[in-house]
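For reference, the structure is listed below as structure tokens.
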Amino acid sequence: MKARTRILGVGSPFGDDRLGWIAVDLIRDSAWYRSRAAGSLSAQAFDRPGPALLAAMDGAAHAVLIDAMQSGAAPGTVRKVELDRLEISADRFASGHSLGLADTLILGKALGLLPPRITLMTVERGCEQSQDGLTAAVHAALLPLLKCVRACVNDEESVLDRPLFSGRPLP
Amino acid sequence: MTEARHLSIRVPLLARVEGEGALDVAIRDGAIAELKLRIYEPPRLFEQLLQGRSFAEVPDIVARICGICPVAYQMTAVQALENAFGVQVSGWAQDMRRAMYCGEWIQSHALHIHLLAAPDFLGVDSVIALSSKQPEAVRRGLHLQALGNELIELFGGRSVHPVGVCVGGFHRAPHPRDVAALVEKLHAALPQALELAHWTAGFPIPDDGQDFTCVALRQPDRYAMDAGRIGASDGLEIDASEYQAHFSEHQVSHSTALHSQYRSGAYLCGPLARLNLNGECLPQPVREVLEHTGIGLPCRNMFQSIVARSIEIYFALLEAIRILESYVPSDTPAVAVTPRAGTGAAATEAPRGLLWHRYETDDRGRILHARIVPPTSQNQARIEQDLKASLEAFGLQRPENELRRRGEAVIRNYDPCISCATHFLRLTLDRR
Chain A
0 MKARTRILGV
10 GSPFGDDRLG
20 WIAVDLIRDS
30 AWYRSRAAGS
40 LSAQAFDRPG
50 PALLAAMDGA
60 AHAVLIDAMQ
70 SGAAPGTVRK
80 VELDRLEISA
90 DRFASGHSLG
100 LADTLILGKA
110 LGLLPPRITL
120 MTVERGCEQS
130 QDGLTAAVHA
140 ALLPLLKCVR
150 ACVNDEESVL
160 DRPLFSGRPL
170 P
Chain B
0 MTEARHLSIR
10 VPLLARVEGE
20 GALDVAIRDG
30 AIAELKLRIY
40 EPPRLFEQLL
50 QGRSFAEVPD
60 IVARICGICP
70 VAYQMTAVQA
80 LENAFGVQVS
90 GWAQDMRRAM
100 YCGEWIQSHA
110 LHIHLLAAPD
120 FLGVDSVIAL
130 SSKQPEAVRR
140 GLHLQALGNE
150 LIELFGGRSV
160 HPVGVCVGGF
170 HRAPHPRDVA
180 ALVEKLHAAL
190 PQALELAHWT
200 AGFPIPDDGQ
210 DFTCVALRQP
220 DRYAMDAGRI
230 GASDGLEIDA
240 SEYQAHFSEH
250 QVSHSTALHS
260 QYRSGAYLCG
270 PLARLNLNGE
280 CLPQPVREVL
290 EHTGIGLPCR
300 NMFQSIVARS
310 IEIYFALLEA
320 IRILESYVPS
330 DTPAVAVTPR
340 AGTGAAATEA
350 PRGLLWHRYE
360 TDDRGRILHA
370 RIVPPTSQNQ
380 ARIEQDLKAS
390 LEAFGLQRPE
400 NELRRRGEAV
410 IRNYDPCISC
420 ATHFLRLTLD
430 RR
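Protein sequences, first through last, are from chains A and B.
For what it's worth, numbering that gives the first Met the number 0 labels the leading residue of the first sequence as 0, then goes sequentially.
For what it's worth, numbering that gives the first Met the number 0 labels the leading residue of the second sequence as 0, then goes sequentially.
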């Protein structure tokens, strides 16, 4: 049975882009996740967005997407971004290899394939990219991120449409 | 009197193609003086990366060459290595490899048709704009793509960079329950594939017949996909081990992808070449659909490639059903492999066309030398040839934006995967 609420972490093996994967691993290892009723919640890592992500959200009541972000905010800043705040122009669409998360969500919206509720949780990536793991600022944002995800899934009202945790630049 | 026109068209980044490339066209006195399909993605050096690695690592490494067609790279690599070691895989493994390959054709073709190529024929800029005009068609395409991915996952554990294939066969046999559930979905998708073929056949296809040589794998009793001898429309028929005696690769300064030639000339590989050479091998239900689309074979119009892809999706669904309906798991999904010093070559039909691998190994099965010739390299010279003929036939006096759009559409007919070939489009038009 497919879960009504699905946490989907998007990322790659490289540096801060790994955030979505690490967050999903931590969630799946948590007592909170294990305590949820069987079939009510799932957490899955994705190596790229695209049509497969739309398929992964198919039939869900609520999808929580976790991804690293680059917006110019302080590294480690945790945000909840609403779908209708994402801007994209059609000519940005390039190829099947480079269908980004925003492109995928706009495509899904145009096709009516999105769940009734989507929450996009992002963490601002660091300035310096490491091939080996998360930068210190993004690593420090993991705990606040997970608290926000948990609150979001639990429908707590603490999830606001504003920066949720202000990351600080690396010293 | 018509004024002599000099124009330079530059498309600095080709959109809706897999990877990064550019097109430069110089028009002098109303004729194309120079045309370059520039592939500037840096070389990825996979062949060098394979040297010194164990044969067992090769399927997982070559899968990383492409996120769209990893199965093609795996299937070609394992067969080349099996040839090097004198390994004969079981009939079960051969059948299951063909079924898995069907999944890749379905997902890759569905992705190309709906996300990349269809907007060219329907007067929209992207699949997002197409989704507003024809949402049902795009949903159908995404469904077919997802189904192809499921077929890959059945055997490979995951659809991107699958891990189930090994030299000798497969790491495991899928559970009959999972196979039966997927066969049911494949049956349910047949009407959608038929609708897709009729949808693409109804597109306003430009009339642009050209003369070209087709190259594809051939098998006497079936539509070649995962195995066969390399054939050409001039009568050539060779074993994969003879490829280098008939095909050559050379470097051009404007591309990080090598250009392939056959008998010193350009040639076509891919869905339209396959239909032209092997159309008579298609099962009767597919031939009936082909006939209904109105494509006469051999077809000389590259714009019909989108219809050819939809035909191949229908074929791949039927073929996967044929293989999997009588599925019985194997206790020995892989035969034992004893490595030895040797050389082996193999070719398969990637969604985009012929893919050729050759490996030399030492007595422990470590890779001493690897050569990989992807379909986009083989189609590059043909794409440049086609662009010149198509743009001249289209009319070089047309506005620059129209020439740019036509040039991009011509290139997309080949579904080039630049990321695979580097070793793709920005249009630069120089018209004076």
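C-beta: ideal position from N, C-alpha, C; glycine also.
Only a predicted model underlies this, so the values are computations on that prediction, with no experimental measurement involved.
Closer than 8 angstroms to chain B by CB, residue i
{"i": "PRO50 (chain A)", "result": "yes"}
{"i": "ASP46 (chain A)", "result": "yes"}
{"i": "LEU53 (chain A)", "result": "yes"}
{"i": "ASP90 (chain A)", "result": "Any answer about ASP90 (chain A) is weak, because its pLDDT of 48 lies below 50 and its placement is not dependable; what the coordinates show is given next. By this cut-off, ASP90 (chain A) is an interface position."}
Element boundaries [beta strand (DSSP E), containing residue i]
{"i": "VAL148 (chain A)", "result": "Counting along the chain, VAL148 (chain A) falls outside any beta strand (DSSP E), though it belongs to the alpha helix (DSSP H) covering 141–152."}
{"i": "ARG217 (chain B)", "result": "214–217"}
{"i": "LEU7 (chain A)", "result": "4–9"}
{"i": "LEU368 (chain B)", "result": "Position check: residue 368 (chain B) holds His in this sequence, whereas Leu was assumed. Segment 366–372, the beta strand (DSSP E) holding HIS368 (chain B)."}
{"i": "ARG37 (chain B)", "result": "30–38"}
{"i": "LEU107 (chain B)", "result": "Note that residue 107 (chain B) is Ser in the sequence shown, not Leu. Note, SER107 (chain B): premise wrong, no beta strand (DSSP E); alpha helix (DSSP H) at 90–110."}
{"i": "GLN69 (chain A)", "result": "Run containing GLN69 (chain A): none; DSSP gives neither H nor E here."}
{"i": "VAL24 (chain B)", "result": "20–27"}
{"i": "ALA116 (chain B)", "result": "It is not in any beta strand (DSSP E) - ALA116 (chain B) carries neither H nor E in the DSSP assignment."}
{"i": "PHE117 (chain A)", "result": "Checking the sequence, you will find Ile at residue 117 (chain A) rather than Phe. It spans 116–123 - the beta strand (DSSP E) in which ILE117 (chain A) sits, taken as one unbroken run."}
{"i": "LYS79 (chain A)", "result": "77–80"}
Cβ neighbour criterion (16 or more within 10 Å) applied to residue i
{"i": "ARG363 (chain B)", "result": "exposed"}
{"i": "VAL327 (chain B)", "result": "exposed"}
{"i": "GLU318 (chain B)", "result": "buried"}
{"i": "GLN47 (chain B)", "result": "exposed"}
{"i": "PHE13 (chain A)", "result": "exposed"}
{"i": "LEU395 (chain B)", "result": "buried"}
{"i": "THR331 (chain B)", "result": "exposed"}
{"i": "ARG69 (chain A)", "result": "One detail in the question is off: residue 69 (chain A) reads as Gln in this sequence, not Arg. Exposed is the call here."}
{"i": "LYS79 (chain A)", "result": "buried"}
{"i": "ASP15 (chain A)", "result": "buried"}
{"i": "ASP119 (chain B)", "result": "buried"}
{"i": "CYS416 (chain B)", "result": "buried"}
{"i": "THR360 (chain B)", "result": "buried"}
{"i": "ALA89 (chain A)", "result": "Any reading at ALA89 (chain A) must be qualified, since the residue scores a pLDDT of 47, below 50, and its modelled position is unreliable; no value is offered."}
{"i": "GLU290 (chain B)", "result": "exposed"}
{"i": "TRP31 (chain A)", "result": "exposed"}
{"i": "THR118 (chain A)", "result": "buried"}
{"i": "ALA226 (chain B)", "result": "buried"}
Element boundaries [alpha helix (DSSP H), containing residue i]
{"i": "GLN78 (chain B)", "result": "69–84"}
{"i": "TYR313 (chain B)", "result": "304–323"}
{"i": "LEU22 (chain A)", "result": "Checking the displayed sequence, the identity of residue 22 (chain A) turns out to be Ala instead of Leu. Run containing ALA22 (chain A): 18–28, per the alpha helix (DSSP H) assignment."}
{"i": "GLY155 (chain B)", "result": "134–155"}
{"i": "ARG351 (chain B)", "result": "Looking at the DSSP string, ARG351 (chain B) is not in any alpha helix (DSSP H), and its letter there is neither H nor E."}
{"i": "MET56 (chain A)", "result": "50–56"}
{"i": "VAL178 (chain B)", "result": "175–200"}
Which listed residue (the options) has its alpha carbon closest to that of residue i
{"i": "ILE229 (chain B)", "options": "B:ALA345, B:LEU257, B:VAL409, B:VAL182", "result": "B:ALA345"}
{"i": "ARG171 (chain B)", "options": "B:GLY163, B:VAL178, B:ASP177", "result": "B:GLY163"}
{"i": "ALA32 (chain B)", "options": "B:ALA21, B:SER7, B:CYS416", "result": "B:SER7"}
{"i": "ALA55 (chain B)", "options": "B:ALA109, B:VAL166, B:GLU348, B:ARG176", "result": "B:VAL166"}
{"i": "GLY293 (chain B)", "options": "B:ILE105, B:GLU391, B:THR199", "result": "B:THR199"}
{"i": "PRO373 (chain B)", "options": "B:SER247, B:ILE312, B:GLY51", "result": "B:SER247"}
{"i": "GLN43 (chain A)", "options": "A:ALA150, A:GLY8, A:ALA51, A:PRO114", "result": "A:GLY8"}
{"i": "THR352 (chain B)", "options": "B:TYR413, B:ILE312, B:ALA369", "result": "The sequence as given places Gly at residue 352 (chain B); Thr does not occur at that position. Closest option to GLY352 (chain B), Cα to Cα, is B:TYR413."}
{"i": "THR375 (chain B)", "options": "B:THR337, B:PHE302, B:LEU267, B:THR331", "result": "B:LEU267"}
{"i": "LEU386 (chain B)", "options": "B:TYR242, B:GLY102, B:MET301, B:ASN82", "result": "B:MET301"}
{"i": "PRO93 (chain B)", "options": "B:ALA188, B:ALA256, B:THR347", "result": "Before going on, a small fix: residue 93 (chain B) reads as Gln here, not Pro. Among B:ALA188, B:ALA256, B:THR347, the Cα nearest to that of GLN93 (chain B) is on B:THR347."}
{"i": "SER389 (chain B)", "options": "B:LEU34, B:ALA21, B:HIS5, B:ARG27", "result": "B:LEU34"}
{"i": "ILE67 (chain B)", "options": "B:HIS160, B:ILE410, B:PRO270", "result": "B:HIS160"}
Short CB-CB distance (under 8 angstroms) between residue i and chain A
{"i": "PRO134 (chain B)", "result": "yes"}
{"i": "ILE127 (chain B)", "result": "yes"}
{"i": "ARG411 (chain B)", "result": "no"}
{"i": "SER7 (chain B)", "result": "no"}
{"i": "SER131 (chain B)", "result": "yes"}
{"i": "VAL159 (chain B)", "result": "yes"}
Quiz item: Mind listing which residues of the stretch 101–117 of chain A have their C-beta closer than 8 angstroms to chain B's C-betas, in chain order?
Solution: ASP102, ILE105, LEU106, ALA109, LEU110, GLY111, LEU112
Self-check item: Chain-ordered residues of the stretch 138–157 of chain B with a beta carbon less than 7 angstroms from chain A
Solution: ARG138, LEU141, GLN144, ALA145, ASN148
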